[in-house]
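Okay, so the sequence shown: first residue is 6 according to my numbering, each after it adds one.
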Amino acid sequence: MTTSVQPLRQIVERYARGGVGADSVALIVTSGLTAATGFLFWTLAARLLTPHQLGVDTALLSLMTTAGTIAAIGTGNSFTALLPVPGCARRQRLLDGYLLVGTMAVGLGAVAGLIGSATMHLGVASTIGWTVAGAVTMAYFAVKDSAVIGLGGAAKLPLQNLIANLAKIGLLPLLVAAFAHSAVLATLVAAAVAAAVVIGLIIPRLVASSSSAVDEQAGPTRRDMSLFVIRDGVASAMSLGVVLALPFITTAIAGPVEGAVLALALSVAQVLDLVSAGVGTALTRGLAARPEGMWARVRRAWALTSGAVVATGIAVLACAPLIMAVLGPNYRDHPIVLVLAVLLLGSAVRVSFVVWASALRAQGRTGILLRVNGFAVAIALPLIVFCTSQWGAVGAAAGLTAGSAILGTIGAVALVRTRGGAA
Numbered sequence: 006m007t008t009s010v011q012p013l014r015q016i017v018e019r020y021a022r023g024g025v026g027a028d029s030v031a032l033i034v035t036s037g038l039t040a041a042t043g044f045l046f047w048t049l050a051a052r053l054l055t056p057h058q059l060g061v062d063t064a065l066l067s068l069m070t071t072a073g074t075i076a077a078i079g080t081g082n083s084f085t086a087l088l089p090v091p092g093c094a095r096r097q098r099l100l101d102g103y104l105l106v107g108t109m110a111v112g113l114g115a116v117a118g119l120i121g122s123a124t125m126h127l128g129v130a131s132t133i134g135w136t137v138a139g140a141v142t143m144a145y146f147a148v149k150d151s152a153v154i155g156l157g158g159a160a161k162l163p164l165q166n167l168i169a170n171l172a173k174i175g176l177l178p179l180l181v182a183a184f185a186h187s188a189v190l191a192t193l194v195a196a197a198v199a200a201a202v203v204i205g206l207i208i209p210r211l212v213a214s215s216s217s218a219v220d221e222q223a224g225p226t227r228r229d230m231s232l233f234v235i236r237d238g239v240a241s242a243m244s245l246g247v248v249l250a251l252p253f254i255t256t257a258i259a260g261p262v263e264g265a266v267l268a269l270a271l272s273v274a275q276v277l278d279l280v281s282a283g284v285g286t287a288l289t290r291g292l293a294a295r296p297e298g299m300w301a302r303v304r305r306a307w308a309l310t311s312g313a314v315v316a317t318g319i320a321v322l323a324c325a326p327l328i329m330a331v332l333g334p335n336y337r338d339h340p341i342v343l344v345l346a347v348l349l350l351g352s353a354v355r356v357s358f359v360v361w362a363s364a365l366r367a368q369g370r371t372g373i374l375l376r377v378n379g380f381a382v383a384i385a386l387p388l389i390v391f392c393t394s395q396w397g398a399v400g401a402a403a404g405l406t407a408g409s410a411i412l413g414t415i416g417a418v419a420l421v422r423t424r425g426g427a428a
């Protein structure tokens, strides 16, 4: 028994060096809490709203979240990769990032509003107002986590995000009788307050406590950050944007009820993506701060994360009857379990790409990600549109999983072929 336990202990200890293990645990806990509270929120919304109302709200939130995340993703990844680097002028790079995120969110939110009003037959002015406010809110809510992680404060995230998500759940019953789009409003109010507190109070304290004696002129410059944001932002927006926009795409093509089915299944399946993304983010930060033995550490992370994701996916599927019971009678005749199973498969096969991409970000090699994501999305997006038009939510999930399989295959081949050098 001693001989079998010792290697496992050594693996865990090696994986934890450089802060990756501690950050991974914090981010996985955060992911688990986010997934659980997200499912509770949408379950409550499914009870309080009709399937048609829920479909419209999930489509609007999909537009806002997509615009906000695209605005924030490149800057957020740059925070994770560049803020830990010795000599980084952290306060200046944070201010640069905040300005960039806000500017992009306003523009993308306006575009999202035009798309939403045209496809969902809503008023132009009101829809643009909703989507601009929502995109800005969700962008800052997203980028705050990356800043906290880059500054070494990942352990603070579970409590911060838990409070915000519980507030969202508590607000929904209070708003549903008095306001249209109550699920959207509850989400935005909770996210706005959380972002303001973290960006205004917590992050400045982390910056003050992480000051370095290394000359800040030797760290990443504004130009370094800009190049990182452009390349990584476009690459990440192509892949993640498709996932986030999927409820809207499904609603626009197959109707609000199919969009609601997809959104409910996606809210459960996202726990797998959150686990792999949490490990990937921690890996980027750890490798950026200490790159020694990079690819051996990356392959260990791949093995451990793959095992965790597969086990979690099996557990989620085992709970499918309970999930259907909780959602209530309105969704009893819809293929939510099948949609969930297909989405879980997509999340599992995408792990290798997530881990590989994290290592490339730590090296600043974001041009590769841009090319790979562009290739995968060029194939997946037309496939998603076709499959959704034929099979509704099931087709949307199948198209997304096909795109994930392309990315996962490329990532796995790159990780297997890497032997301590370049990928």
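A virtual CB, placed ideally from N, CA and C, is assigned to each residue, including glycine.
Residue i - DSSP class collapsed to helix/strand/coil
i, result
"Met6", "Residue confidence for Met6 is low, a pLDDT of 38 falling below 50, so the modelled location carries little weight; the figure read from the coordinates is stated next. Three-state DSSP puts Met6 in coil, outside helix and strand."
"Gly351", "helix"
"Phe184", "coil"
"Thr42", "helix"
"Leu156", "coil"
"His57", "helix"
"Ala282", "helix"
"Thr226", "coil"
"Arg95", "helix"
"Tyr20", "Below a pLDDT of 50, predicted positions are generally treated as unreliable, and Tyr20, at 38, falls in that range; no measurement from the model is reported."
"Gly238", "helix"
"Val90", "coil"
"Leu127", "coil"
"Pro296", "coil"
"Gly260", "coil"
"Gly333", "coil"
"Pro252", "helix"
"Asp338", "coil"
Beta-carbon spacing of residue i, residue j below 8 Å
i, j, result
"Leu349", "Ala407", "no"
"Ala77", "Val148", "yes"
"Gly73", "Ala130", "no"
"Ile5", "Gly404", "Since the displayed the chain opens at 6 and closes at 428, residue 5 lies outside it and no answer follows."
"Val344", "Ala402", "yes"
"Leu113", "Arg98", "no"
"Phe233", "Gly369", "yes"
"Ile235", "Gly118", "no"
"Ala50", "Leu245", "no"
"Ala364", "Leu288", "yes"
"Val276", "Thr317", "yes"
"Val247", "Ala385", "yes"
"Thr42", "Leu167", "yes"
"Arg355", "Leu412", "yes"
"Ala27", "Gly224", "no"
"Val266", "Thr310", "no"
"Ala144", "Leu193", "no"
"Arg290", "Gly155", "yes"
"Arg52", "Gly333", "yes"
"Ala159", "Leu292", "no"
"Ile319", "Ala270", "no"
Host alpha helix (DSSP H) of residue i (start-end)
i, result
"Ser215", "Careful: Ser215 lies outside any alpha helix (DSSP H) and carries neither H nor E."
"Asn170", "Leu162 to Leu180"
"Leu386", "Thr371 to Arg422"
"Arg304", "Met299 to Ala323"
"Val359", "Val356 to Gln368"
Proximity winner among the options, relative to residue i (alpha-carbon distances)
i, options, result
"Phe44", "Ile208, Val421 and Ile174", "Ile174"
"Asp338", "Ser357, Leu38, Thr35 and Pro56", "Pro56"
"Lys161", "Asp150, Asn170 and Leu171", "Asp150"
"Val399", "Leu251, Ala201 and Gly205", "Leu251"
"Pro209", "Ala183, Gly157 and Ala115", "Gly157"
"Gly285", "Met69, Glu297 and Arg305", "Arg305"
"Val61", "Phe84, Thr124, Thr226 and Ile154", "Thr124"
"Ala172", "Ala195, Val203, Phe46 and Ala182", "Ala195"
"Ser186", "Ala259, Cys324 and Leu127", "Note that residue 186 is His in the sequence shown here, rather than Ser. If we check each option's Cα against that of His186, Leu127 comes out closest."
"Pro163", "Phe184, Val262 and Val203", "Val203"
"Ala182", "Ala330, Gln58, Arg376 and Leu420", "Gln58"
Contact with chain B by residue i, beta-carbon distance below 8 Å
i, result
"Thr406", "The displayed structure is made up of one protein chain only, and chain B is not part of it."
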